[in-house]
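The next block holds one structure in the form of C-alpha cells; read it before the comments.
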Amino acid sequence: MDTIRLLFAIAAQKDWKLYQLDVKSAFLNGVLQEEIYVEQPEGCEKQGEGNKVYLLKKALYGLKQAPRAWYSKIDEHLLSLGFLKSLSESTLYVKHNGTNILIVSLYVDDLLVTGNNADHIQNFKWEMMKMFEMIDLGLMSYFLGIEIKQGQGEVFICQKKYAKEILKKFKMDESTRPDILNAVSILSRFMHCASELHLKATKRVIRYVEGTSDFGVKFTRGKEFKLIGFSNSDWGGSIDDMRSTLGYYFTLSSGVFSWSLKKQEIVAQSTAEAEFIAATATANQALWLRKILLDLDLEQKKNTEILVDNKAAIAISHNPVFYKKTKHFNIKLFFLREVQKSGEVILVYCKTEDQVADILTKPLPTCKFEFLRSKLGVCNS
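According to the numbering used here, the sequence shown is numbered sequentially starting from 2.
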C-alpha cells in the first residue's frame, strides 16, 4: 500500500488525475511454462476417452502458478509498450515520451494509471483493452476498501464504508488510519488470550472509529516536493518481554503516505539504543522510497531528513569513535553512518513535543493525540 499512497501524494502534488482499470478473469490470461495435466471436467468427458487427461496451456484459478503466470504475461505486455519497470517495486511501471510521463501500478488484477497527459492515458487504456478483457472504471473512486476523492491539486482517502462494516463484523484495519495503528497493534498481541479487559478496549477503539468514520488522509499540493521521515520508539513498552516498539512515517509535501509500527527484534538496553534501532528501520524505508521516486523521474536531489527526538542516538550515528556500549548493534551503527555519509539520509533533531511519530508508539492523552493526529494529515473531508 505504500506505493499506492505514494502515487496519491504525487498526483496531488502534480495535479494529475488517477484512473483505474479492472482486468476480467486476469489469472486465465497467464501462459504456463510447466507441464500440468488435469482430469476432464465432470460432464464434459470425451466419449470413449474418459481415461485421458488435458494438458493445460493457460492457468486456471486455484493453480499455484496462476498469479506468477499472469504477472509474467502483463509484465511482458507493458514492457512491449515501452514501459520501464521500477528496480525497487516490481509492480510499478513508468513510460516517458518527451515531457510526458505515464505511470502504471499493478495490484493483482487492478491497474492504477496516472500521468500528465490525458490523451496518452486514454491511448494506453485502448492498447490494454485490445490485449485483455477489462473494464475502464474511470476516475479512481474506490480501491481495496479505500474511498478516493479527487479535487484540484488534492486527493483525500478514507474508509467510511469500511468503518461501517467494522461495526457490523467487529474487525479493524489501518490502511488509511495511522491514528489507530498503536491501539490495533497492542490489542492484536492478545488475540490468543483475550479477556474482558481486551474486549472492552477493543470496543473503545471501535467507538472511536465510528465517531471519526469521515476521517482520512488528505494529500495536497505543497510548496516543496520533499520526502521527510519521522522516527520514534518507546523503551521497553512491552511488559511481557521488555521489547520496545518502533514507529515511523513519511510525508511528501503533504499528508502521510507511508507508515509502520512493530516491536523491535532485540531488547534495547537504553532509550538511545531503542531510538537508534528505530532510526535504522526508518532509514531503510527512506532508501527504498528514494529509489522508487528516482525510477519515476522524481529524484530527491537533497538528502532525506529523518526527525528524531533523541540527541544521544543522533550523536552515536555521527561519531566514528568506537563505544563499548554500542558494539552489540554495530551493523546498524555502521549502516546508519554510511547512508548519512553518502548524502542520502540525515538524522535531524526535533523536540519531543514536535515528534509526530509519538502517536504511533505509545498511548497519549486526548489533547496531544488529537494535536498529533492533525499533524499527520488525518482529518475530516
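Ideal Cβ placement from N, Cα and C applies to all residues, glycine included.
The structure displayed is predicted, hence computed values, not measured ones.
Tell me, which residues are paired with residue i by DSSP?
i, result
"Trp260", "Tyr250"
"Gln160", "Partner(s): none; Gln160 has no beta bridge."
"Ile102", "His97"
"Cys380", "Gly217"
"Val346", "Thr305"
"Val114", "Tyr20, Val105"
"Tyr143", "Glu148"
"Leu385", "This structure does not reach residue 385, given that the chain is present from 2 up to 382, and the question cannot be answered."
Reducing DSSP to helix, strand and coil, say where residue i ends up.
i, result
"Gln151", "strand"
"Lys58", "coil"
"Asp242", "coil"
"Met192", "helix"
"Ser232", "strand"
"Ser73", "helix"
"Asp23", "strand"
"Glu90", "coil"
"Val39", "strand"
"Lys302", "coil"
"Val268", "coil"
"Leu308", "strand"
"Asp174", "Residue confidence for Asp174 is low, a pLDDT of 49 falling below 50, so the modelled location carries little weight and cannot support an answer."
"Lys363", "coil"
"Phe335", "helix"
"Met2", "coil"
"Leu138", "strand"
"Lys15", "helix"
"Met130", "helix"
"Val340", "helix"
"Val32", "strand"
"Ser318", "helix"
"Phe226", "coil"
"Gln286", "helix"
"Ser255", "coil"
May I have the straight-line CA-CA distance separating residue i from residue j, to the nearest angstrom?
i, j, result
"Asp215", "Val379", "10 Å"
"Ala269", "Phe336", "18 Å"
"Tyr55", "Lys74", "22 Å"
"Met173", "Lys165", "Confidence at Met173 is low in this model, with a pLDDT of 47, below 50, so its placement is unreliable and no value can be given for it."
"Ile37", "Leu57", "6 Å"
"Lys369", "Ala275", "22 Å"
"Asn101", "Phe157", "25 Å"
"Ala60", "Arg208", "45 Å"
"His121", "Ser232", "39 Å"
"Gly83", "Ser91", "16 Å"
"His199", "Phe191", "8 Å"
"Cys1", "Lys303", "In the structure as shown, the chain begins at 2 and stops at 382. Residue 1 is therefore absent and cannot be evaluated."
"Arg222", "Arg205", "35 Å"
"Ser259", "Met141", "20 Å"
"Asp1", "Lys352", "Residue 1 lies beyond the residue range present for the chain, which begins at 2 and ends at 382; the question has no answer from this structure."
"Gln123", "Gly116", "11 Å"
"Ile317", "Leu334", "8 Å"
"Ala279", "Asn183", "15 Å"
"Ser89", "Ala282", "17 Å"
"Gln34", "Lys53", "21 Å"
"Thr203", "Leu361", "17 Å"
Would you mind stating whether residue i and residue j have Cβ atoms separated by less than 9 Å?
i, j, result
"Gly31", "Arg69", "yes"
"Thr272", "Lys363", "no"
"Phe9", "Asp110", "no"
"Ser26", "Tyr72", "no"
"Gly217", "Glu134", "no"
"Tyr350", "Lys312", "yes"
"Ile347", "Glu300", "no"
"Leu262", "Val114", "no"
"Gly238", "Phe251", "no"
"Leu85", "Leu107", "no"
"Ile240", "Ile104", "no"
"Ile187", "Val210", "no"
"Asp355", "Asp298", "no"
"Gln21", "Phe220", "no"
Are the C-beta of residue i and some C-beta of chain C separated by less than 9 Å?
i, result
"Leu103", "Checking the listed chains, one finds no chain C in this structure; it contains a single protein chain."
Could you check whether the Cβ of residue i sits closer than 8 Å to any heavy atom belonging to the ligand SAH?
i, result
"Gln48", "What this structure holds is no ligand at all, so the ligand SAH is not there to describe."
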